[in-house]
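**Student:**
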Amino acid sequence: MLEKALNGNKYYWWWISLLLVCIGVGAYNYALQFQHGLQLTNMSRDVSWGFYVAQLTYLVGVAASGVMLVLPYYLHDYKKFGNLVVFGEFMAIGAIIMCLLFVVVDLGQPQRLMNVVLHPTPNSVLFWDMIVLNGYMFLNIIVGWASLEAQKKGVPYAQWVKILAIVSVPFAFSIHTVTAFLYAGIPARHFWLTAIMAARFLASAFCAGPAIMLLLLFIVEKVAKFEIGDYAVKMLARIITYAMIFNVFFFGLELFTAFYSQIPGHMHSIVYLFAGLEDPTTGQHLGVMVPYFWAAAFMALLSLALLIPSATRNCKPVLIFALIILVAATWIDKGMGLVVAGFIPNMFEGVTEYMPSSTELFISLGIYAIGALVVTVLWKIAVTVKKAAA
Amino acid sequence: MKTTRRDFLKVAGVTALGMAAGAGPALAYSKGAYLPHTEHMDTGHDHLAAKRWGMVIDTRAFHGEADYAPLIEACHKEHNVPTIPGTQDVKWLWTGGFHATFPHNHQEFLAERAHHAAYPLLCNHCDNPPCVRVCPTQATFKREDGIVMMDMHRCIGCRFCMAGCPYGSRSFNFQDPRPFIAEENLAYPTRMKGVVEKCTFCTERLAEGKMPACVEASEGKIVFGDLGDPDSEIRHILAENFTLRRKPDLGTSPSVFYII
Ligand code: SF4
Ligand code: SF4
Ligand code: SF4
């Protein structure tokens, strides 16, 4: 079926070329980083994880969100999603490839990557993260491909496909839960040391992931004249709305616990995000994240205001706007704030700030382009097969 | 490449063996296989031995930052610790104020002296070390004598241990540290870029029957000894003095004690 990706119009090839250029930029910057080390990043002794790990965290959620289609379709036989499931599965593949790449570019000694496999360490959450991420990726490749093959031949998918699809459901939950455990099990990082971390991760994944997917599907609808189905769109929009309500609610729980208890450690990181903190040694007031975080809070609430009433939710331009600001809000929250604020204040009550360097941004651009390329090619195949089958 | 393959075969072989024997002992002492995260490394030939090494620092005997300088110099010289300006630096032994050393333990109305004093900071060689728990490659491990060690050749540089250590005791080599070493001690290895490092309680000196470099340089103001032996000097000092440990509420059980 791969040959179907080689057939496209002018715009398709322009898009592919653009992605290849971005990948080239990323690869060049990675070569530099490989040579000179992570000194080219803005990470430091105090903020030892940065943009790369934050992107991993965000994209794990995007990958997990495929389950919002798989679950109703395979488990509850919700046929309205039949046309879309494969897109969710293929998007998950792209997202996980990006996750794995973000892990690799974050390593100080990437050539020793296999040590994680050679010296399996069940007490490390990272070990389990690797297992569930790879497992989920392979399940999605197999299930997505097999069901598409079946559709091409015009036959229903085999029973084993359904079984694997259902197996992939707990995997989807676990990739996000285990990634949350990377943070939630760490003593002394009060911002992360919270039992609701995994639930927050899932809630934000189940709104942000389907939101990204719906936006991409709208593009596909336009450029490939492919019918998503009105009913499926409405259903997805409703899922996104509920997940976002939970997401905001869960964050509110964190605020209550921190500020009503008034335990300094629990408050500091949140204060840093919304107001900045003073570094006790220099007396300087630091808060580069503050404008971003207020913007995120504002966009999150506005997206809810637009998504909850069905009148605005069912109006496509408003829906698109709401989805875009929802994605932006969750990205600032998880793709940046969560990781950085965990390290601020540092272990000595000092404040070392962090903003990604150009190297980090270019490498990340390259990885996003690789993900986009994978998704473009897979979706192109899916659209072509589906159109031919229809 | 060769060694990795050998390691892999060893893992495979030992795993098979372990399964054949139906259990643990074969597994428990092979280096490659999975071992629970505590007490799995034989201290072997160490000249000075202990059940659990620990340190008591009499901060009353130090008067300000300058008093710690010779200790820091002894440690950093001995272990080829580079001096790198900026926030990507490497530290094994350094100092901090009262708040930095004992966060969330803000004694109100503390004696001026204690409040303004400098306190030495180093790895606590925790009895229940989170850095060991989170390391995905067992590059960080705890020896039978309580010393938390690192295998620089196995570390993949994921920095999970830095996120996990509640004491900021670990440093990452963001770049090749060698150009930043003023005077290289050829008797101790230098590190490469991309790996994490920290204080080792001077295992290399213990092996030769010597006390840690900072202890030696402190001229008696730091006592190093066996916390596991009720009759040891260090236990007597702990029994007679009030001491603080850093962040005791986290359950890591640090082996470094501060007399205030
Ligand atoms: S102080 Fe930090 S690095 Fe040292 S043993 Fe404890 S957790 Fe590990
Ligand atoms: S950076 Fe090295 S020592 Fe630290 S957790 Fe990763 S592999 Fe282990
Ligand atoms: S015990 Fe050794 S390695 Fe640790 S701070 Fe002292 S001199 Fe340095």
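If you read the sequences in order, they're chains A and B. Using this note's numbering, the final residue of the first sequence is 390, and nothing's skipped along the way. Using this note's numbering, the final residue of the second sequence is 1260, and nothing's skipped along the way. Even glycine gets a Cβ: it sits at the ideal position worked out from N, Cα and C.
For His-1104 of chain B, go through chain A and note every residue whose CB falls closer than 9 angstroms to its CB, in chain order.
**Tutor:** Going along chain A in sequence order, the residues near His-1104 of chain B (Cβ under 9 angstroms) are Ile-263, Pro-264, Gly-265 and Glu-349.
**Student:** Are any of the Cβ atoms in chain A nearer than 7 angstroms to that of Ile-1156 of chain B?
**Tutor:** Yes, contact with chain A.
**Student:** With 7 angstroms set as the bound, which would you pick, yes or no: does the beta-carbon of Lys-387 of chain A sit closer than that to a beta-carbon of chain B?
**Tutor:** Closer than 7 angstroms: no.
**Student:** Which chain A residues sit within Cβ distance under 8 angstroms of Asn-1295 of chain B?
**Tutor:** Nothing about residue 1295 of chain B can be read from this structure; chain B reaches only from 1001 to 1260.
**Student:** In the DSSP assignment, what are the bridge partners of Leu-1121 of chain B?
**Tutor:** B:Trp-1094, per the DSSP bridge assignment.
**Student:** Going by DSSP in three states, Tyr-231 of chain A sits in which element: helix, strand or coil?
**Tutor:** Tyr-231 of chain A: helix per DSSP, three-state reduction.
**Student:** Would you please verify whether the beta carbon of Thr-194 of chain A is less than 7 angstroms from any beta carbon of chain B?
**Tutor:** Closer than 7 angstroms: no.
**Student:** What does Asp-46 of chain A reach in chain B if we use C-beta pairs closer than 8 angstroms?
**Tutor:** Here the neighbours are Thr-1087 and Gly-1168.
**Student:** Excluding the 5 residues flanking Leu-182 of chain A on each side, which residues of the same chain have their C-beta closer than 7 angstroms to its C-beta?
**Tutor:** Excluding sequence neighbours, Leu-182 of chain A sits near Val-125, Leu-126 and Asp-129.
**Student:** Report the neighbours of Cys-1135 of chain B on chain A: residues whose CB is nearer than 8 angstroms to its CB, in chain order.
**Tutor:** Thr-121 and Ser-124, listed in chain order.
**Student:** What does DSSP give as the partner residue(s) for Gly-1225 of chain B in the beta ladder?
**Tutor:** Beta-bridge pairing links Gly-1225 of chain B to B:Gly-1054.
**Student:** Determine whether the Cβ of Ala-188 of chain A lies closer than 7 angstroms to any Cβ atom of chain B.
**Tutor:** Judged by the 7 angstroms Cβ criterion, Ala-188 of chain A is in contact with chain B.
**Student:** Output the boundary residues of the alpha helix (DSSP H) element that contains Met-91 of chain A.
**Tutor:** Run containing Met-91 of chain A: 85-106, per the alpha helix (DSSP H) assignment.
**Student:** Which residues bound the alpha helix (DSSP H) around Lys-387 of chain A?
**Tutor:** Element bounds for Lys-387 of chain A: 358-389.
**Student:** Closer than 8 angstroms, Cβ to any Cβ of chain A: which residues of the region 1224-1257 of chain B, in chain order?
**Tutor:** Under the 8 angstroms Cβ criterion, the region 1224-1257 of chain B contributes Lys-1247, Leu-1250, Gly-1251 and Thr-1252.
**Student:** Which whole-angstrom value describes the C-beta separation of Lys-334 of chain A and Tyr-58 of chain A, a residue pair presumed to lie in contact below a C-beta threshold of 8 angstroms?
**Tutor:** Right, the Cβ-Cβ distance comes to about 5 angstroms (below 8 angstroms), so this counts as a contact.
**Student:** Chain B beta carbons: is any one of them nearer than 7 angstroms to that of Val-178 of chain A?
**Tutor:** Not an interface residue.
**Student:** If you measure between the beta carbons of Trp-331 of chain A and Phe-90 of chain A, is that distance less than 7 angstroms?
**Tutor:** No, the Cβ-Cβ distance between Trp-331 of chain A and Phe-90 of chain A is not below 7 angstroms.
**Student:** Taking DSSP as the reference, what is the three-state secondary structure of Lys-1142 of chain B?
**Tutor:** Strand.
**Student:** Using a Cβ-Cβ distance cut-off of 7 angstroms, determine whether Phe-51 of chain A contacts chain B.
**Tutor:** No, its Cβ sits nowhere closer than 7 angstroms to a Cβ of chain B.
**Student:** Measuring only the C-alpha atoms, how far is Lys-79 of chain A from Tyr-73 of chain A?
**Tutor:** Looking at the two C-alpha atoms, the distance is approximately 6 angstroms.
**Student:** Taking the DSSP output, what are the residues bridged to His-285 of chain A?
**Tutor:** According to DSSP, His-285 of chain A bridges with A:Glu-278.
**Student:** At the level of alpha carbons, what is the spacing between Ser-147 of chain A and Phe-191 of chain A?
**Tutor:** Distance between the alpha carbons of Ser-147 of chain A and Phe-191 of chain A: 42 angstroms.
**Student:** At a cut-off of 6 angstroms, would you count Cys-1213 of chain B as near ligand 3, judging by its Cβ distance to the nearest heavy atom?
**Tutor:** The sequence shown places Ala at residue 1213 of chain B, not Cys. Yes; taking the cut-off as 6 angstroms, the Cβ of Ala-1213 of chain B has a heavy atom of ligand 3 nearer than that.
**Student:** Smallest Cα separation from Lys-1247 of chain B: which of B:Leu-1238, B:Cys-1126 and B:Arg-1205?
**Tutor:** That would be B:Cys-1126, whose Cα lies nearest to the Cα of Lys-1247 of chain B.
**Student:** Between which two residues does the alpha helix (DSSP H) holding Phe-206 of chain A run?
**Tutor:** First-last of the alpha helix (DSSP H) with Phe-206 of chain A: 197-224.
**Student:** In whole angstroms, give me the CA-to-CA distance for Leu-1110 of chain B and Ile-324 of chain A.
**Tutor:** In a straight line, the C-alpha of Leu-1110 of chain B is about 53 angstroms away from that of Ile-324 of chain A.
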